[in-house]
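S.K.:
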Amino acid sequence: MSLICWELRTTSTIFQNNAMRLSYRIKTTVLVLELIIAVPYTVLVFLGRMADIAAVLEWIIAFLLIPYLLSMGIDVFHIKDYIYH
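Encoded structure:
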């Protein structure tokens, strides 16, 4: 998804809108944070130790999905300005 956003950013006029830039930054930040948290989560799950810590990391990953979904809402709300012009 981040690669798609990067491609749109470099080839489109949609990202001249500040809200769309904010949406792009939110998506990129959430993606990086989830990848950083996913590595220790995966290690803890496969080792079978510290299940409580793995559960906390799983919830953090789940709650990081909220800003990502909100940024999708920003996209939907602002894309209508570009579709009908």
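When you line the sequence shown up against the numbering used here, it's residues 759 to 843, in that order.
From the three backbone atoms N, C-alpha and C, an ideal C-beta is built for every residue, glycine too.
1. Can you give me the C-alpha to C-alpha distance between Ala-777 and Thr-786, rounded to a whole angstrom?
2. Evaluate Val-788 with the Cβ neighbour count: other Cβ atoms within 10 Å of its Cβ, from every protein chain shown; 16 or more gives buried, anything less gives exposed.
3. Using only the alpha-carbon positions, how far apart do Met-808 and Ala-820 sit?
4. Arg-807 lies in the alpha helix (DSSP H); which residues open and close that run?
5. What does the Cβ neighbour count give for Leu-828, buried or exposed, with the cut at 16 atoms within 10 Å?
6. Pick out whichever of Arg-779, Tyr-826, Leu-815 has its Cα sitting closest to the Cα of Pro-798.
7. Taking its Cβ as the centre, do 16 or more other Cβ atoms sit within 10 Å of Ala-812, making it buried, or is it exposed?
M.R.: Per the coordinate set shown:
1. Taking the first residue of the sequence shown as position 1, residue 777 is located at position 19. Taking the first residue of the sequence shown as position 1, residue 786 is located at position 28. One C-alpha to the other measures close to 14 Å.
2. For the purposes of this step, residue 788 is taken as residue 30 along the sequence shown, with counting starting at 1. Label assigned to Val-788: buried.
3. Here residue 808 is taken as the residue at index 50 of the sequence shown, counted from 1. Here residue 820 is taken as the residue at index 62 of the sequence shown, counted from 1. If you take the alpha carbons of Met-808 and Ala-820, they lie about 19 Å apart.
4. Here residue 807 corresponds to residue number 49 of the sequence shown, with the count starting at 1. Note, Arg-807: premise wrong, no alpha helix (DSSP H); not H, not E.
5. The count along the sequence shown starts at 1 and reaches residue 828 at position 70. Exposed, since its Cβ has fewer than 16 Cβ neighbours within 10 Å.
6. Sequence index remark: in the sequence shown, residue 798 carries index 40 (1-based). The shortest C-alpha separation from Pro-798 is found at Leu-815.
7. The sequence position of residue 812 within the sequence shown is 54, counting from 1. Flag for Ala-812 reads buried.
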